[in-house]
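Student: Handing you this structure, nothing more for now.
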Amino acid sequence: MVERRLTGMIAAAAVLIVLFVFWDAFKPTPRRVTRDPDANAPLRIAEPPPAPASPLPQQAMPPTTSSQGTAVPAGPDGREPSYIELLARSETRRRIRSSGSSTYLAEMLETGGDSTLRRWENRTTAPIKVWFAPTHAANFQPAFIEAIRSAFRLWTSAGVPVRFDFDGDSTNAEVTVKWRIQFEIERTGQTDVTWDENGHIQAATVTLATFDPKGRPMDSDDIRIVATHEVGHVLGLDHSKDSTDIMFPTAKVRDLSDRDVRTVMLLYQLTPGSLR
């Protein structure tokens, strides 16, 4: 009887042990939870932190030599102007602005569009050689030559530090005066100027007509007035917007105005070249 009870107890214990083994092997894994430091915050399931995103390759930015979007233009030799040169240009611009309406240099720079002053080097000791090309143009008169010389002298007598030598020839001329009967457009004179990279004028060619656009023959005084305007271009001046100046596109006056004189004098006090 006792043996039968012991056998039953042992069998029951064995069954319990087997059940415990199966429970331990297949019981569900508990889910961990964390709570925010705030006791009132809702529970949230803790998850593994996300894998860090791979850094995107940064695109190389294009190099820049400017500040605030304004590039400094390179000089004539390809280099950027020095600080001293920029200061000098700033001072030149200031002087032009301060001249106000007493000169038309600001108008010239605005009209030209390239912000460049052009003029001859001071040539008081080495005069610029002028050559009068021979011509057989109708209505040409020998008195025209003296009228043109008078126009050159008018500008130099105003104080421009430039002198002219009228004994030049075709081999050494820096300024050539040529003739034609008439222009196809509304003009009686034209000046073509060449200059170097620093704004120094190197040569000029003045072409004058012996008849005006309407076919009227020019006389000596007409030639003098037209030549006075064209010599202004030879010296580096451009057009004025004031009809009382000799440098107005269509000459309305017969002599230099005060503004003509002040403009050319200021031009020859300034350093030629770009003002940008």
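First residue of the sequence shown: 1, per the numbering used here; consecutive thereafter.
Even glycine gets a Cβ: it sits at the ideal position worked out from N, Cα and C.
Only a predicted model underlies this, so the values are computations on that prediction, with no experimental measurement involved.
1. Here's a check: name, in chain order, each residue in its chain whose Cβ is nearer than 6 Å to the Cβ of THR135, leaving out the five neighbours to either side.
2. Based on the DSSP secondary-structure assignment, which residues constitute the bridge partners of VAL206?
3. When you compare only the Cα positions, how much space is there between ALA143 and GLU85?
4. Tell me where the alpha helix (DSSP H) around VAL277 begins and ends.
5. Check whether the stretch 79-98 touches the stretch 238-251, taking contact to mean three or more Cβ pairs, one atom from each stretch, closer than 8 Å.
6. Please determine, among GLU107, ALA151, PHE164, the residue with the shortest C-alpha to C-alpha distance to LEU256.
7. Return helix, strand or coil for ARG119, following the three-state DSSP convention.
8. For ILE148, tell me which candidate among TYR83, HIS229, GLY199 has the shortest Cα-Cα distance.
9. Where does HIS200 sit, in a helix, a strand or coil, going by DSSP?
10. Check the C-beta distance from PHE166 over to VAL206 and give it rounded, since I have them as a contact under 8 Å.
11. Among the candidates PRO272, GLY215, LEU266, whose CA atom is the shortest distance from the CA of GLY159?
12. Measuring straight from C-alpha to C-alpha, what distance separates THR125 and SER99?
13. Who are the near neighbours of GLY232 in its chain, counting only those whose CB is closer than 6 Å to its CB and skipping five residues on each side?
14. Taking the Cβ atom as the reference point for each residue, do ALA204 and THR188 lie within a distance shorter than 8 Å?
15. Can you list, in chain order, the residues of its chain with a C-beta nearer than 7 Å to that of ASP258? Leave out the 5 residues immediately preceding and following it.
16. Buried or exposed: where does ILE201 fall if 16 or more other Cβ atoms within 10 Å of its Cβ makes it buried?
17. Out of curiosity, what's the CA-to-CA distance linking ASP169 and PRO127?
18. Quick one: grab the DSSP three-state call for SER274.
19. Give the secondary structure of PHE183 by DSSP, where H, G and I count as helix, E and B as strand, and everything else as coil.
20. Within the same chain, show all residues whose beta-carbon is closer than 8 Å to that of PHE183, passing over the 5 residues directly before and after it, in chain order.
21. Whose C-alpha, out of GLU186, ASP192, PRO161, ARG163, is nearest the C-alpha of THR176?
Tutor: So, from the listed chains and residues:
1. TRP179
2. VAL177, THR191
3. 47 Å
4. Nothing in the structure corresponds to residue 277, since the chain is present only between 1 and 276.
5. no
6. LEU256 has its Cα closest to that of ALA151, out of GLU107, ALA151, PHE164.
7. strand
8. HIS229
9. strand
10. That pair is no contact at about 13 Å.
11. LEU266
12. A direct Cα-Cα distance of roughly 29 Å separates THR125 from SER99.
13. MET247
14. no
15. Cβ contact annotation for ASP258 (same chain, cutoff 7 Å, sequence separation greater than five): none.
16. buried
17. ASP169 and PRO127: Cα-Cα distance of roughly 14 Å.
18. strand
19. coil
20. Listed in chain order, the non-local C-beta contacts of PHE183 below 8 Å within the same chain comprise GLN190, ALA209, PRO213, local neighbours out to five positions each way being set aside.
21. ASP192
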